[in-house]
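Asker: Have a look at the structure that comes next, please.
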Amino acid sequence: APEVVTCGEAMLLLLAEPGVPLARARRFTGSVAGAESNVAIGLARLGHSVRWIGSVGADPAGDTVLSTMRAEGVDTSRVTVHPTAPTGLLLRDSHATRGIDVQYHRAGSAASTLAPESVHAPLSSGTRLLHLTGITAMLSDSTHRLTRYLIDAARDRGVMISFDPNVRHKLGTPDRWRAVVGPLLTRADLVLAGADELELLTGQDAERAVHTLRDGGVDGVVVKYPDKSAVLTNAAGTRTQPAFPVSVTDPVGAGDAFAAGLLSALLRGVPPGRALAEAATVAALVVQSTTDIDGLPTPAQRDRAFAHLVDHAE
Ligand code: KDG
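Position one of the sequence shown corresponds to residue 1 (this note's numbering), numbered consecutively onward.
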C-alpha cells in the first residue's frame, strides 16, 4: 500500500535548449512536468512508496507520462486514460536569471476532466500522507471538487495533508486563486508556500498569515522567501534554512524538490532542523540540472550532497 498519495496533472514537457528563449529554440528535450508528479517522483527516488492519481489522453504523450511514472516505481493504478481528451503539454525555456517563458496547452486536457466519481479508492490503509497543490483545484470545477473530496477523505482517515498552493498566474486571476485555493489552506496539516503566495491568498503579510493559519488548525507552515530561505513554524518554534549557494542551471522544480525532501524527512521522523536542510539539499540538486526531475536524488545522492553542502556552508 502506498505511504504517500498525490493527485494532479502530469504533462509532456518540451524543454527548450538551455538559455535559448522559447520563440528562438530549435531543439527541445522531452520530459514530464507537473507539480504533483514531480513530488511523487522525488519521494519515490528517496525510497518511499507513492501513488500518483491523474489522467492522461490515449496518445503518445500520455504513454510517455505513464511509462515515466512507472519507471520511477510510482503506483499508477488509479490513473485513467481518457478516450478523447488529450494529455496536457507544457513548453518552456530555462535560464538561471531571466524570467522563464511557460506555454501551457492543457485547457480541456484529460486531467482537467478528473472528478471525485472518476477516482476509485484513492487512499489505502497504509497511506500516511496526502500531498496536494492549488494547481489541481484551479484546473476545472470537477478537479476543484476532487481536491476537496480528497481532503475530506484524508481528514476522515487521519492521513496527514501537505499543501503547496503553487500559484500559477496563467491558470487564473488573483481573485480566483484567492476564492478557490485560499479556503483550502487551513484544511492542511502542513502548508508550504512562497511569502508572495500567502499574501495573495490571505490578504495578510506572510508573518501574520502564518499565525492565522496556525490558529486555524495548520500544524506547520513553511514560508519560502525571495532570498530563497525557508522558514518553518510549528509547535516546536521557528527555524530558518538558507538556500545552499549552488550555480543554477534550471530553477524550475525547486519547490517540488524542496517539498519531496522535506516530506521524506518528516515521514522518516527526522527532526525539523535537519529536515529543512535535507529539503534545501534536494532543491539544490534539482536546480543544478535541467528539467523538473533530472536532479532528484536517491538517498545516497542526497546524503552525499548534504555532507558536501553543509560542510561548505560552515
Ligand atoms: O512545479 C513545477 C511546475 O510548475 C511544472 O512542473 C508544471 O505543474 C506545472 C504547472 O502547472 O505549472
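Glycine is no exception: its CB is placed at the ideal position from the N, C-alpha and C atoms. Since this is a predicted model, take the numbers as computed values, not measurements.
1) Go through the segment 115-190 residue by residue and report every complete run of the beta strand (DSSP E) that reaches 3 residues or more, in order.
2) Around the ligand COA, which residues pass a check of Cβ closer than 5 Å to any of its heavy atoms?
3) Using beta-carbon positions only, say whether G220 and L201 come within less than 8 Å of one another.
4) Determine whether the beta carbon atoms of A110 and G57 lie at a separation below 8 Å.
5) So, with DSSP's three-state summary, where would you put Q241?
6) Does DSSP put L296 in a helix, a strand or coil?
7) Are D101 and L22 closer than 8 Å when you measure CB to CB?
8) How would you label H308, buried or exposed, when you count the other beta carbons within 10 angstroms and need 16 or more for buried?
9) How is the alpha helix (DSSP H) around L263 delimited, first residue to last?
10) Which residues share a DSSP beta bridge with N234?
11) Just checking my contact of E36 with T6 at CB under 8 Å: how many whole Å lie between their CB atoms?
12) Looking only at DSSP bridge pairs, what is L15 linked to?
13) Quick one: using the 10 Å Cβ neighbour count with 16 as the cut-off for buried, is P315 buried or exposed?
14) Throw me the rounded Cβ distance for the A153 and L90 pair, which I believe falls under 8 Å.
15) Measure the beta-carbon distance from D164 to A25 and round it to whole angstroms, keeping in mind my assumption that it falls under 8 Å.
16) DSSP beta-bridge partners for H82?
Answerer: By the coordinates alone:
1) Uninterrupted beta strand (DSSP E) stretches at least 3 residues long and entirely within the segment 115-190 occur at 129-133 and 160-164, given in chain order.
2) Ligands in the displayed structure: the ligand KDG; the ligand COA is not one of them.
3) No, they are not a contact pair.
4) By the CB criterion at 8 Å, A110 and G57 fall inside the cutoff.
5) Judged by DSSP in its simplified three-state form, Q241 adopts strand.
6) Reduced to three states, the DSSP call for L296 is coil.
7) Cβ atoms of D101 and L22: closer than 8 Å.
8) Using a 10 angstroms sphere on the CB of H308, the tally of other CB atoms stays under 16, which defines it as exposed.
9) Unbroken alpha helix (DSSP H) run through L263: A254 to L267.
10) The bridge partners DSSP lists for N234 are G237.
11) Contact between E36 and T6 holds: CB atoms are separated by about 4 Å, below the 8 Å threshold.
12) Paired residues: T29 and R92.
13) Only positions 1 to 314 of the chain appear in the structure, and residue 315 is not among them; the question remains open.
14) Contact between A153 and L90 does not hold, since the beta-carbon distance rounds to 28 Å and is not under 8 Å.
15) Not really, about 29 Å apart at Cβ, beyond 8 Å.
16) DSSP, once it has assigned bridges, lists G57 as partnering H82.
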